[in-house]
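Counting in this note's numbering, the sequence shown runs from 2 upward without gaps.
Ideal Cβ positions, reconstructed from N, Cα and C, are used throughout, including at glycine.
Let me begin by presenting the structure, written as C-alpha cells, before commenting on it.
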Amino acid sequence: MLVVMKNNATEAQVKAVIKEIEGMGYRGVPMPGAQRTAICIVGNTGPVDDSGLMILEGVKETVRVTKQYKLVSRETHPQPTTITVGDINIGAGKPVLMAGPCAVESEEQALTIARRVKKSGAEIFRGGAFKPRTSPFSFQGLERDALKMLAKVKSDLGIPVITEVVDIQNIGLIAKHADILQVGARNMQNFALLKELSKLRHPILLKRGLSATVTEWLTAADYLLAEGNRRIILCERGIRTFEDSIRFSVDISSIAVVKHFSHLPIIVDPSHAAGHFAYVPSISKAAIAAGADGLLIEVHPNPQEALIDGLQSLNIPNFERLMAELRPIAEAVGRYI
Ligand code: PEP
Ligand code: MN
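Here you go:
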C-alpha cells in the first residue's frame with residue numbers, strides 16, 4: 002500500500018506517518034516526487050488496515066499497489082526518474098552512450114579506447130575489472146589494477162566510468178573508483194549483494210538476468226531501492242530463448258513494458274545479447290528507436306586480440322560508424338544523440 006501525502010505536507014507529517022506504519026509492524030519507505038511525497042508500506046503479508054493512517058495530518062489518500070514490485074513501480078512514483086552523473090542525465094530523453102572494452106587489459110588500452118569513444122560521442126566509459134566468468138579458468142579481470150586504470154581514465158579524460166561489482170567484499174573498493182556500479186546478469190538475483198548496494202548512494206545499473214521475466218527483474222530492483230538508493234538504471238541485455246542463432250534474444254518490447262510499469266530508466270546492451278559484432282548495430286538502432294535511455298556497447302581497438310568478448314566487440318571505426326548511423330534514427334523519433 003501507498004500513503005500519498007498532500008502537496009503541502011511537512012517533513013514532520015511524513016515522519017509521523019512512517020512512525021505509525023512502524024507501529025503497525027511494517028516499514029515505510031518515503032518516495033519523494035516532483036509533485037508529492039508518497040510513502041510505500043513494505044513488509045506486509047496481507048491487506049493493510051489504513052484507518053489509523055487516513056486520520057493523520059497531511060495524508061491525502063491510500064492506494065493499493067497492485068504489482069509484486071512496489072518501489073520501482075509507477076504506481077508509487079508516477080514521474081520518470083532521471084539519474085544524474087556529473088553533467089549527464091540518464092532517463093531525461095537524450096540517449097546516453099556507454100562504451101568501452103569488456104575488460105580493462107592495460108592502462109594504454111583503456112585510455113586509447115576511452116579517448117576514441119569519447120570523441121565519437123560516448124559519455125560514459127565501461128571497463129570490467131572483476132569479471133564474472135562462466136569458467137573458473139577463464140580470465141577473471143585485472144581487478145584492483147584495473148580499478149586504478151579506470152581512475153586514470155576518469156582523471157585524464159574527465160569521463161565517468163562504470164564497472165561491475167561481483168561480490169559484497171569489493172563494494173567499498175569499487176565504489177571509491179567507479180561512478181556507476183554494474184550488477185551483471187548472473188547476479189540479478191544475488192539478493193545479499195543487492196541489499197548491500199542499496200545502502201550506497203552511487204548509481205547502480207541492474208542487468209536483466211539470463212532467464213528473468215520483467216516482473217522478476219523489477220522486483221529485484223526493489224531490493225536496490227529498499228534501503229534508500231533511488232539511483233537505479235535497468236539494462237536489457239538479452240534473455241535465453243529457444244532461438245540459438247544469436248547468443249541471447251533482445252527483448253525490445255521490455256523497453257516499452259518497463260517504461261509503462263516503472264519510473265526507472267532503461268538502457269540496452271546489444272553486445273552481450275548479440276555475441277557477435279555484426280548484430281550490434283541493428284540491435285542498437287532498434288533500441289534507440291524503441292525509446293531506450295541509452296546503450297552499453299563493447300568496443301576494442303583490436304577485437305581479435307581481446308582477452309574476453311572480442312567477437313562481440315566493435316572495433317573503433319565500426320563504433321564511429323554506428324554513432325553516425327544512430328543520430329538520424331534518434332532524430333526520426335524526436336530525440337538526439
Ligand atoms: C558485462 O557487461 O561485461 C557482462 C558480463 O554482461 P552480462 O552480465 O550482461 O553478461
Ligand atoms: Mn563482455
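Taking all protein chains shown into account, decide if residue i is buried (16 or more other Cβ within 10 angstroms of its Cβ) or exposed.
i	result
Ala-279	exposed
Gln-183	buried
Asn-1	Residue coverage of the chain in this structure runs from 2 to 338, which leaves residue 1 outside it and unanswerable.
Ile-175	buried
Gly-128	buried
Asp-146	exposed
Thr-85	exposed
Lys-132	buried
Ile-169	exposed
Gly-24	exposed
Gln-110	buried
Ala-325	exposed
Lys-208	buried
Pro-102	buried
Between the Cα of residue i and those of the options, spot the shortest distance and give me the residue it belongs to.
i	options	result
Glu-62	Glu-217, Leu-3 and Ile-289	Leu-3
Met-6	Gln-190, Thr-38 and Glu-326	Thr-38
Gly-239	Ala-221, Lys-260 and His-273	His-273
Tyr-27	Met-150, Met-99 and Gly-44	Gly-44
Leu-225	Thr-85, Ile-40, Ala-333 and Val-73	Val-73
Ile-253	Leu-323, Phe-243, Glu-144 and Pro-271	Pro-271
Val-341	Arg-145, Gly-29 and Glu-326	Any question about residue 341 goes unanswered here, given that the chain covers just 2 to 338.
Trp-218	Ile-256, Phe-243 and Leu-296	Ile-256
Asp-294	Phe-192, Ile-89, Pro-282 and Asp-146	Ile-89
Ala-291	Val-60, Gln-14 and Ala-333	Ala-333
Gln-1	Arg-117, Lys-196, Arg-187 and Gly-59	With the chain covering only 2 through 338, there is no way to say anything about residue 1.
Gly-335	Ile-84, Met-55, Glu-23 and Pro-96	Pro-96
Ser-121	Ala-100, Ala-179 and Lys-71	Ala-100
Lys-260	Val-251, Val-215, Ala-221 and Glu-21	Val-215
Arg-134	Cys-41, Gly-185, Lys-177 and Ile-22	Gly-185
Val-162	Asp-180, Pro-318 and Lys-149	Asp-180
Thr-77	Leu-195, Cys-41, Ile-160 and Leu-112	Cys-41
Glu-321	Lys-119, Ala-222 and Arg-75	Lys-119
Pro-33	Ile-22, Arg-75, Ser-52 and Ile-160	Arg-75
Ile-289	Leu-98, Ser-52 and Lys-16	Leu-98
Ala-227	Ile-247, Lys-153, Lys-196 and Arg-209	Lys-196
Alpha carbon to alpha carbon, what distance is there between residue j and residue i?
i	j	result
Ile-268	Glu-237	6 Å
Ser-212	Arg-241	6 Å
Thr-11	Pro-31	13 Å
Pro-81	Ala-35	10 Å
Tyr-337	Arg-328	6 Å
Asp-245	Ala-287	20 Å
Glu-299	Thr-46	43 Å
Ala-93	Pro-79	15 Å
His-301	Ser-314	6 Å
Lys-155	Ala-193	29 Å
Ser-285	Lys-68	30 Å
Thr-83	Phe-249	28 Å
Pro-282	Leu-54	52 Å
Ser-199	Thr-164	17 Å
Arg-65	Ser-107	52 Å
Gly-229	Val-251	30 Å
Phe-138	Gly-276	20 Å
Glu-144	Ile-172	12 Å
Leu-296	Leu-57	45 Å
Ile-330	Ala-104	29 Å
Val-166	Thr-220	20 Å
Lys-149	Asp-157	12 Å
Ser-136	Asn-188	15 Å
Lys-20	Tyr-70	23 Å
Gly-87	Asn-303	30 Å
Ala-115	Asp-51	53 Å
Can you name the residues that DSSP bridges to residue i?
i	result
Ser-263	Ser-74
Leu-3	Cys-41 and Val-64
Gly-24	Partner(s): none; Gly-24 has no beta bridge.
Leu-98	Leu-296
Ile-240	Ser-250
Glu-165	Gln-183
Val-86	Ile-89
Ala-104	Gly-129
Pro-33	Thr-38
Ile-208	First, the amino acid is wrong: residue 208 is Lys here, not Ile. In the DSSP output, where bridge partners are listed per residue, Lys-208 has Cys-236.
Val-269	Glu-237 and Leu-296
Leu-194	Answer is none; Leu-194 lacks a bridge partner.
Leu-366	Limits of the chain in this structure are 2 at one end and 338 at the other, which puts residue 366 out of reach.
Cβ contact check for the segment 228-246 and the segment 204-213: 3 or more pairs under 8 Å: yes
Contact the segment 249-265 vs the segment 298-312: 3+ CB pairs below 8 Å: no
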